[in-house]
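Its first residue numbered -1, the sequence shown is counted upward by one per residue in this note's numbering. Beta carbons: idealized from backbone N, C-alpha and C, even for Gly.
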Amino acid sequence: MMKKYIIANWKANKIPSDVQEWLTSFRTLLEQHTVVQNLITQDKVELIICPSFPYLAQVSQALTGIQGVSVGAQTISSFERGSYTGEVTAEQVAGFATSVIIGHSERRSHFHEAEEDLEKKVELATQYSLRSILCIRGAEDRIYSHATMVAYEPVEAIGSGQNMPAEEVVEKKKTFQGLNESIPFIYGGSVTPESSGTYLATGEIHGLLIGSASLKAESFLAIAATA
Ligand code: PGA
């Protein structure tokens, strides 16, 4: 059975005090959570926390040494180091994180990220040994062969409370060209602790990308427990 990835996407939420509070509560709750602890010990689950750039160092330091928990960025630049004011490169991120979300639909729509940018980002992630979590909105979006994981996030399901039922996700999966069976297939869009188990029980969905429900450590861990 493939390991399950439970990914927290905090998006542009949380001020410094919120991050500190989340980390404190996460560490305390995780220590007491025997179900999640057992899943981690048996290498059945990995938790990937993706904060905004300013918190990468802090989150990475706070989680160092905690088995089964790692850090990811929410995007990277499509450029290498150089004169690109405001950009954060794969090389920079690699000092603090082991994964990166690429092509989230919010980046595609609000920041006009195009396939050519995403292709470069996946390549740069690979070059700097970052695992890329490539988000696709549907069969219209390309799947790059170097992507480490593919996250299917139907736009209408994101932040709407209208999660796509697990059976429908499994049906959709069959339509995606270039989806390699050996790489984890993730679902994202309004997943809650109540619905998470239905996806992970299919055997076809190897992880979940969690927005709103990841903002509280308690609900994030409740989702992890359903793996
Ligand atoms: P949501 O976000 O869980 O709040 O719907 C998921 C995502 O956009 O990754």
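Closest to residue i by CA distance: which of the options is it?
{"i": "Q175", "options": "R129, M162 and Y142", "result": "Y142"}
{"i": "T62", "options": "T96, T200, L116 and T173", "result": "T96"}
{"i": "S50", "options": "K170, L213 and T224", "result": "L213"}
{"i": "L21", "options": "G84, H108 and L54", "result": "L54"}
{"i": "Y185", "options": "F109, N178, E202 and I64", "result": "E202"}
{"i": "A6", "options": "F183, G84 and L207", "result": "L207"}
{"i": "I134", "options": "W8, T83, I99 and S158", "result": "I99"}
{"i": "A223", "options": "K118, N36 and N178", "result": "N36"}
{"i": "E44", "options": "Q30, K1 and S81", "result": "K1"}
{"i": "D139", "options": "A225, L128 and E111", "result": "E111"}
{"i": "I74", "options": "L28, V57 and K118", "result": "K118"}
{"i": "S58", "options": "L28, V17, D41 and Y126", "result": "V17"}
{"i": "I156", "options": "E165, E113, A211 and V34", "result": "A211"}
{"i": "I38", "options": "I64, L27, P52 and A60", "result": "I64"}
{"i": "Q125", "options": "T87, E114 and S180", "result": "T87"}
{"i": "H227", "options": "G136, S130 and A137", "result": "Beyond the ends of the chain as shown, which are -1 and 225, falls residue 227; an answer cannot be given."}
{"i": "S193", "options": "E179, F77 and Q160", "result": "Q160"}
Could you tell me the distance, in whole angstroms, from the CA atom of residue i to the CA atom of residue j?
{"i": "A71", "j": "F218", "result": "17 angstroms"}
{"i": "V148", "j": "E89", "result": "22 angstroms"}
{"i": "V67", "j": "S23", "result": "15 angstroms"}
{"i": "S103", "j": "E154", "result": "11 angstroms"}
{"i": "I47", "j": "M162", "result": "23 angstroms"}
{"i": "G209", "j": "S107", "result": "17 angstroms"}
{"i": "A215", "j": "L128", "result": "24 angstroms"}
{"i": "S158", "j": "G187", "result": "8 angstroms"}
{"i": "E29", "j": "M(-1)", "result": "25 angstroms"}
{"i": "G84", "j": "P152", "result": "29 angstroms"}
{"i": "A137", "j": "A164", "result": "17 angstroms"}
{"i": "R105", "j": "K9", "result": "11 angstroms"}
{"i": "Q114", "j": "G80", "result": "A quick correction: the sequence has Glu, not Gln, at residue 114. Taking the straight line from one Cα to the other gives about 20 angstroms."}
{"i": "V91", "j": "D41", "result": "25 angstroms"}
{"i": "R25", "j": "F77", "result": "35 angstroms"}
{"i": "V189", "j": "T200", "result": "15 angstroms"}
{"i": "A225", "j": "E179", "result": "19 angstroms"}
{"i": "V34", "j": "L198", "result": "14 angstroms"}
{"i": "P14", "j": "A60", "result": "13 angstroms"}
Which whole-angstrom value describes the C-beta separation of residue i and residue j, a residue pair presumed to lie in contact below a C-beta threshold of 8 angstroms?
{"i": "V168", "j": "Y150", "result": "At roughly 10 angstroms, the Cβ-Cβ gap does not stay under 8 angstroms, so V168 and Y150 are not in contact."}
{"i": "F94", "j": "V120", "result": "Rounded, the Cβ-Cβ distance is 19 angstroms, inconsistent with contact."}
{"i": "G101", "j": "L122", "result": "Wrong, their Cβ atoms sit about 13 angstroms apart, outside the cutoff."}
{"i": "L191", "j": "I221", "result": "Just to set this straight, residue 191 is Pro in the shown sequence, not Leu. The pair is a contact, with the Cβ atoms about 5 angstroms apart (cut-off 8 angstroms)."}
{"i": "H204", "j": "Y82", "result": "Actually they are not in contact, since the Cβ atoms of H204 and Y82 sit about 34 angstroms apart, beyond 8 angstroms."}
{"i": "L177", "j": "K171", "result": "7 angstroms"}
query = Which residue spans inside the stretch 137 to 193 form an unbroken alpha helix (DSSP H) run of at least 4?
reply = 164 to 171
Alpha helix (DSSP H) runs contained entirely in the stretch 1 to 80, provided each spans 4 or more residues = Residue ranges of uninterrupted alpha helix (DSSP H) with 4 or more members, entirely inside the stretch 1 to 80 and ordered along the chain, are 14 to 30, 32 to 39 and 54 to 61.
key: Ordered list of alpha helix (DSSP H) runs contained in the stretch 87 to 116, each at least 4 residues   = Uninterrupted alpha helix (DSSP H) stretches at least 4 residues long and entirely within the stretch 87 to 116 occur at 88 to 91 and 103 to 108, given in chain order.
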